[in-house]
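Chains as they are written, first to last, in the numbering used here: chain U, 64 to 652; chain R, 71 to 341. Let me begin by presenting the structure, written as structure tokens, before commenting on it.
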């Protein structure tokens with residue numbers, strides 16, 4: 064038995080039954096979710112099983128392997144980032160990071176001045192609706208790798224910390240997977256990343272992957288603090304401290320982290336006796352969270368309550384954007400309760416959907432039967448908590464699956480283990496199919512559609528749909544949001560550069576001024592071209608196809624006196640970016 | 071004999087393999103089921119040679135808008151409700167379609183055309199995966215496109231579909247906004263109107279009346295309520311024009327409430 068109650072490669076049915084009997088007896092005594100097949104009904108047995116599953120050598124090997132997976136993730140994101148367009152939100156975060164960088168430079172020169180209210184208000188007022196940690200990372204990266212060392216371009220330097228968070232996510236997923244089996248640890252990050260939506264978000268200087276990584280990191284840190292991972296802590300306070308700091312980082316990245324304390328508290332209550340006690344003793348370390356939040360967000364150093372109030376108010380009164388979903392343009396609550404789950408099913412590759420769905424069902428089944436392991440319960444709880452707000456029917460739902468990436472992430476370790484078990488059973492059924500070959504085949508079957516999706520759609524990640532939707536053409540017919548954030552515009556920038564006359568005015572529609580300047584900064588767009596406010600004062604119009612912005616196209620037809628586009632990005636035939644040129648100008652039809 | 075659990079596992083392995091191979095087959099053959107530039111070019115060339123003045127081209131699914139890059143005859147329309155679309159003045163509607171695309175529901179599009187009395191002129195032509203079918207709309211001949219008799223066509227969005235129509239402000243009951251249109255009276259007047267853009271969905275919208283007068287005689291009216299999907303928002307009236315020869319039509323638009331979004335109107339007469 065491994066630490067989480069999954070069968071080891073040679074565990075027989077008899078072993079399982081006896082373990083179940085023993086643990087069932089234990090669960091009668093404890094009014095909590097205790098796992099009969101779980102190896103951790105008590106602290107002592109937890110550590111014993113953990114030791115059995117992972118000797119010091121193999122633990123070392125697992126750690127090294129998880130780091131390799133993390134580095135591979137970083138490199139994969141680095142290698143494929145160039146064509147990924149600068150999204151609307153990135154434009155704002157680039158601006159914020161520039162401002163924060165100025166503050167860091169001031170801090171290095173005159174720390175007392177930098178820490179004063181005038182400086183913190185001046186440099187951190189921009190994008191004050193989100194905490195500072197991720198943007199501070201973007202800023203520091205730019206300062207070091209672009210300004211000081213000159214190794215990276217501006218936007219590459221801003222984005223690099225996001226890839227580091229992507230690497231951290233892979234490391235944490237692997238570590239959670241290793242509690243089941245070594246193969247599950249390798250498969251967990253692969254299952255998460257082998258889909259264009261998740262892969263795309265990994266590239267951006269935004270908060271979605273960082274907060275996802277930190278949610279998973281909090282889960283891992285909590286599990287380590289309780290001795291559920293890495294065995295019995297020699298210095299429990301050190302792991303408690305690490306847990307508190309990681310939670311603080313999550314809190315300092317995005318407000319979603321406020322959902323974690325109740326989940327961890329409930330998790331603690333559901334644990335078996337001695338483990339519950341340890342969990343309740345560990346929980347107070349969570350109070351470090353607000354300390355870290357304030358420490359890394361200089362805006363809160365002065366007028367703390369006022370700024371906290373502004374932060375909370377912004378999110379409590381967040382606007383609702385229009386969003387196209389199964390033929391309905393959703394504008395305001397109530398939103399469909401099925402929305403987040405349906406969107407996962409329609410956007411991810413079908414094999415990933417099937418495995419994640421099966422993993423969720425198995426975890427729920429084990430929870431209902433009180434046979435779920437503490438680590439799996441933690442994963443299920445945090446995944447559920449990250450999904451739940453979007454099923455309340457009132458939470459703003461714009462942005463596709465990026466807001467609940469934690470769900471596929473924390474189901475991935477269980478899905479990986481499912482694959483391992485399928486391969487083992489197939490090998491048992493067909494003796495000529497060697498276990499390793501069966502595992503490789505299972506992994507290939509699971510990951511191939513996702514890899515194909517990335518090859519087909521990257522870098523246009525917000526437009527990606529899976530086979531259940533019928534890929535992008537099927538999703539267009541179903542009436543699904545075509546794209547968002549304007550990043551797909553990179554496809555037509557070379558055409559604009561080649562055709563637009565010197566100083567031409569371009570209407571870029573959803574591309575905001577910040578992203579426009581970022582494209583010019585990175586020489587993706589000629590610097591003589593000017594930003595037009597609408598088709599009326601533009602010579603070229605670059606329209607992003609959105610159901611809610613369909614008025615812009617006839618407006619352009621009227622202004623340009625033509626209904627024929629000059630070029631466009633048609634992804635698997637579906638219009639994404641449509642470019643119009645005034646008749647007579649270069650490139651006009 | 072394998073234990074039941076392992077048998078199930080082996081079956082699930084097989085199911086995963088089938089799912090994966092099926093998904094890959096779907097993904098990797100998708101582009102071969104979509105038209106190439108050459109397919110579009112051939113369809114456009116055919117239309118150039120065979121379409122007559124006044125014909126319209128309807129694309130299906132409505133997102134097949136890449137056709138606009140190639141087709142240079144007639145308006146290329148992306149109507150979503152083919153049973154009720156206007157197709158002003160068109161005798162022949164060319165349906166350029168991609169019937170094999172996922173969830174395209176091509177049969178539904180054909181049913182809608184049949185529901186309005188249209189009949190296919192000949193079997194569909196194939197240009198790669200594209201099909202092109204001429205449909206006889208059996209529409210009465212156009213007498214006058216009143217909205218654009220004296221000015222070039224303009225387009226505006228109503229319920230996310232572009233319509234050729236003229237924008238009108240909306241006045242109050244005592245001071246309605248007015249738009250005067252002239253043309254040949256024909257025998258029937260066709261009036262269409264809709265609220266422009268996202269404001270159509272605003273909860274403050276009160277029913278907007280669009281009344282058509284000729285020589286102070288009311289010929290018909292259209293009432294535009296707040297738009298609620300999926301109920302149609304591009305509404306109309308088809309009434310006798312009540313005269314022969316030249317027609318001077320006055321449209322009056324008013325709403326009782328203070329929230330008065332712009333509307334868009336089209337009007338034409340047929341013989």
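Each residue gets a CB set at the ideal place from its N, CA and C atoms; glycine is no exception.
| query | result |
| --- | --- |
| Short-range partners of chain R found in the segment 483 to 504 of chain U, where Cβ spacing is below 8 Å | 484, 485, 486, 487, 488, 489, 491, 492, 493, 501, 504 |
| Close Cβ partners of residue 316 (chain R) (< 8 Å) along its chain, the five nearest in sequence each way excluded | 252, 253, 254, 255 |
| Residues bridged to residue 231 (chain R) (per DSSP) | R:228 |
| Element boundaries [beta strand (DSSP E), containing residue 643 (chain U)] | 637 to 644 |
| Outcome for residue 658 (chain U) when other beta-carbon atoms lying within 10 angstroms are tallied against a minimum of 16 | Because residue 658 (chain U) is not part of the residues shown, which for chain U are 64 to 652, the question remains open. |
| Contained beta strand (DSSP E) runs [length at least 3] in the segment 177 to 263 of chain U, N- to C-terminal order | none |
| Span separating the alpha-carbon of residue 524 (chain U) from that of residue 253 (chain U) | 17 Å |
| Beta carbon proximity, residue 304 (chain R) to chain A, threshold 8 Å | Given the protein chain composition of this structure (U and R), no chain A is represented. |
| Residue 179 (chain U) versus U:508, U:563, U:363, U:457, residue with shortest Cα-Cα distance | U:363 |
| CB contact below 8 Å: residue 117 (chain R) versus chain U | no |
| Integer-rounded CB distance, given that residue 322 (chain U) should sit under 8 Å from residue 448 (chain U) | 5 Å |
| Closest Cα partner of residue 167 (chain U) within the set U:152, U:136, U:200 | U:200 |
| As assigned by DSSP and simplified to three states, the class of residue 260 (chain R) | strand |
| CB contact flag (residue 352 (chain U), residue 314 (chain U), <8 Å) | yes |
| Exposed unless 16 or more other CB atoms sit within 10 angstroms - verdict on residue 565 (chain U) | exposed |
| CB contact below 8 Å: residue 613 (chain U) versus chain R | yes |
| Straight-line gap, residue 84 (chain U) to residue 435 (chain U) (C-alpha atoms, nearest Å) | Below a pLDDT of 50, predicted positions are generally treated as unreliable, and residue 84 (chain U), at 39, falls in that range; the measurement from the model is reported next regardless. Roughly 15 Å separates the two Cα atoms. |
| Residue 170 (chain R) CB to nearest heavy atom of the ligand FMN below 7 Å | This structure does not include the ligand FMN; it has no bound ligands of any sort. |
| Three CB pairs or more closer than 8 Å across the segment 294 to 308 of chain R and the segment 416 to 429 of chain U | no |
| CB-CB length for residue 88 (chain R) against residue 134 (chain R), believed under 8 Å | Their Cβ separation, rounded to whole angstroms, is 32 Å, which puts residue 88 (chain R) and residue 134 (chain R) out of contact at 8 Å. |
| Proximal residues of chain U, C-beta to C-beta of residue 256 (chain R) below 8 Å | Correct list: empty, because the minimum Cβ distance to chain U is about 27 Å. |
| Contact between the segment 192 to 212 of chain R and the segment 224 to 242 of chain R (3+ Cβ pairs under 8 Å) | no |
| Per DSSP, cross-strand counterpart(s) of residue 270 (chain U) | Answer by DSSP bridge pairing: none, since residue 270 (chain U) is not bridged. |
| Residue 237 (chain R), buried or exposed, once every other Cβ within 10 Å from all chains shown has been counted against 16 | exposed |
| Residue 523 (chain U) at chain R interface by Cβ criterion, 8 Å | no |
| Length of the line joining the Cα atoms of residue 385 (chain U) and residue 611 (chain U) | 6 Å |
| Which of helix, strand or coil DSSP assigns to residue 487 (chain U) | helix |
| Within-8 Å CB hit, residue 596 (chain U) to chain R | no |
| Cβ shell of residue 638 (chain U) (< 7 Å), same chain only, five flanking positions each side left out | 608, 631 |
| Residue 113 (chain U), buried or exposed, once every other Cβ within 10 Å from all chains shown has been counted against 16 | Note on residue 113 (chain U): pLDDT 40, under 50, position unreliable in the model; the coordinate value appears next. Buried, by the Cβ-count rule. |
| Backbone CA spacing between residue 602 (chain U) and residue 281 (chain R) [nearest angstrom] | 38 Å |
| Interface flag, residue 242 (chain R) vs chain U, CB-CB below 8 Å | no |
| Range of the contiguous beta strand (DSSP E) that encloses residue 153 (chain U) | Run containing residue 153 (chain U): none in the beta strand (DSSP E); it sits in the alpha helix (DSSP H), 151 to 172. |
| Proximal residues, the segment 625 to 640 of chain U versus chain R, C-beta separation under 9 Å | 626, 627, 628, 629, 630, 631, 633, 635, 636, 637, 638 |
| Residue environment, residue 613 (chain U), which counts as buried when at least 16 other CB atoms sit within 10 Å | buried |
| Reference residue 671 (chain U); option with closest CA among U:571, U:596, U:513 | With chain U running from 64 to 652 in the structure shown, residue 671 (chain U) is simply not present. |
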